[in-house]
Amino acid sequence: MGVWQSYRLRLQRRRWRIRAFRKRRDLRAIANRTDRINPSDILLFSTQRNEALRLPYFLKYYREMGVDHFLIVDNDSTDGSLDYLADQPDVSVWTTPKSYKRARFGVDWLNWLQMKHGHGHWCLVVDPDELFLYPFCDTRPIRALTDWLDASSIKSFGAMLLDMYPKGRIDAEPYAPGQDPLEIASWFDAGNYAITRNPKFGNLWIQGGPRARMFFTEEPARAPALNKIPLVKWDRRYAYVSSTHNLLPRGLNLVYDEWGGEKASGILLHTKFLDTFSAKAEEELDRRQHYGGSKEYLAYADGLKDNPDLWCKWSEKYINWRQLEILGLMSKGNWA
Amino acid sequence: MSVGIVMLVHTALGRAEQVARHWTRAGCPVVIHVDRKVPQRAFAAFREALADDGLIRFSRRHTCNWGSWALVRASQDASELMLSAHPEVRHVYLASGSCLPLRPVEELIAYLEERPRTDFIESATTADVPWTVGGLDEERFTMHFPFSWRRQRYLFDRFVELQRAVGYRRRIPEGLTPHMGSQWWCLTRQTLSAILQDPRRAAHDRYFRSVWIPDESYFQTLARLYSTNIESRSLTLSKFDFQGKPHIFYDDHLQLLRRSDCFVARKIWPHAERLYQVFLGEGARGASATEPNPGKIDRIFAKAVERRTRGRAGLYMQSRFPNHGWENGRTAGKYSVFQGFTELFQDFEPWLARATGAQVHGHLYAPERAEFVNGQRILNGALADSAALRDYNPRAFLTNLVWNTRGERQCFQYGPHDNPKINWHFAQDPNAQISVISGAWAVPLFQSNRDFADLRTEAAALQKIEAKMLDELRSPDAKARIRIWTMAEFIEAPMEPLQIIIDEIGQRATRRLAEAPRLADLSGFGQFLQNLKNQGMHPYLMGDFPVDPAPRHGQRPARKPYLVRK
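Residue numbers (this note's numbering), protein chains in the order written: chain Y, 5 to 340; chain S, 74 to 639.
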């Protein structure tokens, strides 16, 4: 990696930051409680659109984990979720009617909020359908993890996206607000992930799982990326590049060991495939606001019509993080 | 007679206060050193909170950075204060603010009472221990270290290189043999005062001031001068990871810590509510005279370090993606690749499954789909049989398959029809057992009912591909267990090589094979090869076939005599 390449990436990072700064005008504060943030607080950033159904469990899950404050961008919701968020004592919420796509799928908005409020904090960036798991999460709060990362001089923590799905038709069991989505979507693919290295940003590029197996058998290269780096000790000079898949400066993407060892890592349980999915997929097809011309949703709509069952004989049923560790999907690294 | 505690504190003052009170409740005097980096106001509050306790004193404050001389200064000052203020103290125990006593203090007092002349200090010569991080063992005593390893790593490294390059060596003061070890010790008054009141102390201090990480070597070295009875271990349970920073204990370590029978553990996470509650609580366990036994904790942390440095063999995942050559096992287990066997034998796969008990797949890299065992469309770990998915990353397909089926031997077929990209990966993998009958691809052609012109073209293409595959297998970099026979060679005596392969797979108790796979009917095959030659396409990979060989069949093993028991 030459000086020239480094310089270009530095320019690129600056471009994303300027872009985020300009996109701040998109956002209108509905409830700004950021003055209550303490210097050592752990912050969660998210974008959401019409997720009223999921938000109660989402907030509960992360509050119990030890997240201190939520900063959420609402993209033109019509289901009352904005009011719900504005009523929460530990949530700051902004709203925008602007295009999700033009804000690079929300990255610009969150880059801005993180630049403004995340500096010096451990920041977790997740979607409302993602549940973060880390080693020992059943016995230790997230502060134990961030304290350990601080002590180890680690600035970013990777967590692969693991698609969860129900057994049987996706729409067979309705999801109720406040319910643990894992009661319905409790199955996952344990060992069909393909990894390559992204030479430009240094991150790994992981594809596979049920989505690749069901919807992308003809075009595996188009299968969605599953690598994510959701937990970062933020500095205002940092910028996410594409979703939370990778960020700049490049060193933050090195959440994997190259010399045979295992670094500690977590999992984002992706509970997208609930009964709400089909309606969402249809809506997103109309709006065309998702990545790659919503190719993913096109593929889903096709695949789900014929065979809405992602489950197969070799699917694993989720038990806990230790199971995922044994299966080799995440690792304790040297945290014991 | 009593034990005095010297506490070095820099964060979590609340916890330090709790622990200090725990010590004094048992009658142990405590001298606390608070890092100068702690803000004055916080320090004042801390001091105020402990003011009511007459057994607690505060020593002169120093600014302590990791591995700095100030840490030794702080220990010296606090120890001096302890010795002068409490003449009844016989042992001085150096602890930190994040240390937690695990056993009742009375047990510690009794333990030391029984060993009044013993100094507990881990102390080893640099040549004999592999502890050092950063590769500096002896050199830490013979160089200058003006730059911080943590904050000025670049300058630190360059300055070390410079000193190496010019061959600079400091003189070690006369009479000193450098020793190092855990910085948490427990010394007798005699030894400690001898170190502190040594007439040469100024010289020693001057020397150690620019040794690297003096807090791990100052007392460890000097105790060797004066102590009559060194027990080279620390009474504080403190484990270090591969970067040399201490492991941290959490609530879920409670049972482990209880069973360790250690007196003091470090380092405790300040928010480990339960640990503090249990171990500082009144309901301490009944006195037991057991020796500390940290064995189980040692194992857990040793395993954690191994996972971080070596990882799990054959696993490729989000936080383990080894560079070429650093895999420490390219795949998770042994597997066998067979080339040319299904062509030559009519029922090879079921036979192999019976003979070995392994899972026997068809051609996993076939162009249409991965032919999993029993025609399954999906395999362990939800591995799909789609050829496109597989060929998108053929290596991941293999490593996933072997990882997902850990514990069950995998065998599969391969050949010149299949995706050739994976061949080189097999060849480099010491876990692979590759058996090739070269030229056997000609048998299906011979048996097929197709135009000879087509057959000729295809034979030429297959021969070219297989020749390239064989070149890869014969490369000096190939590390697999590779056996290659020409077809002519193989059918001379097919049972022998089969026996070797089966024995090496070694799933079942080694016995002579009772049953041979059925050889394809080869009458006329020699003529078929001759026809190809006559058309100008010389098949050479199958070896020398006579034009009209006598039809052969697999040799049946001689029947064994059997015994009839009553």
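C-beta atoms are modelled at their ideal positions from N, C-alpha and C, and glycine is treated no differently. Because the structure is a prediction, the values reported are computed rather than measured.
Where the region 385-400 of chain S meets chain Y: residues whose CB sits under 8 Å from a CB there: R385, L388, Y389, M390, Q391, S392, R393, F394, P395, N396, W399, E400
Span of the beta strand (DSSP E) around R32 (chain Y): 32-35
For G597 (chain S), the three-state DSSP class (helix, strand or coil): coil
In chain order, each alpha helix (DSSP H) run of at least 4 residues that lies wholly inside the region 185-244 of chain Y: 213-219
L13 (chain Y) and K204 (chain Y) closer than 9 Å at C-beta: yes
is_contact[V259 (chain Y), chain S] using C-beta, thresh 9 Å: yes
CB contact below 9 Å: R297 (chain S) versus chain Y: no
Member of S:R231, S:S196, S:R393, S:Y389 whose CA lies at the smallest distance from the CA of L295 (chain S): S:S196
Residue-level contact to chain S via CB, Q9 (chain Y), 9 Å cutoff: no
Beta-carbon neighbours of K318 (chain S), restricted to chain Y and to distances below 8 Å: A155, S156
G127 (chain S) versus N338 (chain Y): straight-line alpha-carbon distance, rounded: 42 Å
CA nearest to the CA of D271 (chain S), picked from S:M253, S:N607, S:Q256, S:L298: S:L298
Any chain Y beta carbon closer than 9 Å to F220 (chain S): no
CA nearest to the CA of Y322 (chain Y), picked from Y:D167, Y:W126, Y:F74: Y:D167
Entirely enclosed alpha helix (DSSP H) segments - the region 415-461 of chain S, minimum 4 residues: 421-429
Beta-carbon contacts of I245 (chain S) that lie in its chain and below 8 Å, excluding the five residues immediately before and after: F214, T215, P251, Y280
Validate contact between the region 301-312 of chain S and the region 326-340 of chain S using beta carbons, cut 8 Å, 3 pairs: yes
Neighbourhood of Y301 (chain Y) by C-beta distance below 8 Å, restricted to the same chain and skipping five residues each side: A285, E288, L289, H294
Members of the region 457-488 of chain S near chain Y, C-beta cut-off 7 Å: A457, S459, A461, L462, Y465, N466, A469, N473, W476, N477
Within chain S, the residues that G265 (chain Y) reaches when beta carbons sit closer than 8 Å: R380, R381, T382, R383, G384, R393
Proximity below 9 Å, CB of K232 (chain Y) to CB of A163 (chain Y): yes
Residue(s) in a DSSP beta bridge with E304 (chain S): S:F193
Which listed residue (Y:S81, Y:Y88, Y:W209) has its alpha carbon closest to that of F62 (chain Y): Y:Y88
Coarse secondary structure for L310 (chain S), derived from DSSP in three states: strand
Cβ pair I78 (chain S), Y166 (chain S) closer than 9 Å: yes
Those residues which DSSP pairs with N250 (chain Y) across a bridge: Y:S246
Exposed unless 16 or more other CB atoms sit within 10 angstroms - verdict on E179 (chain S): exposed
CA-to-CA distance, F136 (chain Y) to A176 (chain Y), given in whole angstroms: 25 Å
Continuous beta strand (DSSP E) assignments of at least 3 residues falling wholly in the region 451-533 of chain S: 483-487, 505-511
Three-state class that DSSP yields for T84 (chain S) in the structure shown: coil
Residue of Y:T51, Y:I330, Y:G264 minimising C-alpha distance to N79 (chain Y): Y:T51
Residue interval of the alpha helix (DSSP H) (run including L353 (chain S)): 346-353
Partners in chain Y for D324 (chain S), counting only beta-carbon separations shorter than 8 Å: T143, R144
Of the residues S:G402, S:E247, S:G609, S:T264, the one placed nearest K552 (chain S), counting alpha carbons only: S:G402
Outcome for W8 (chain Y) when other beta-carbon atoms lying within 10 angstroms are tallied against a minimum of 16: exposed
M168 (chain Y) at chain S interface by Cβ criterion, 9 Å: no
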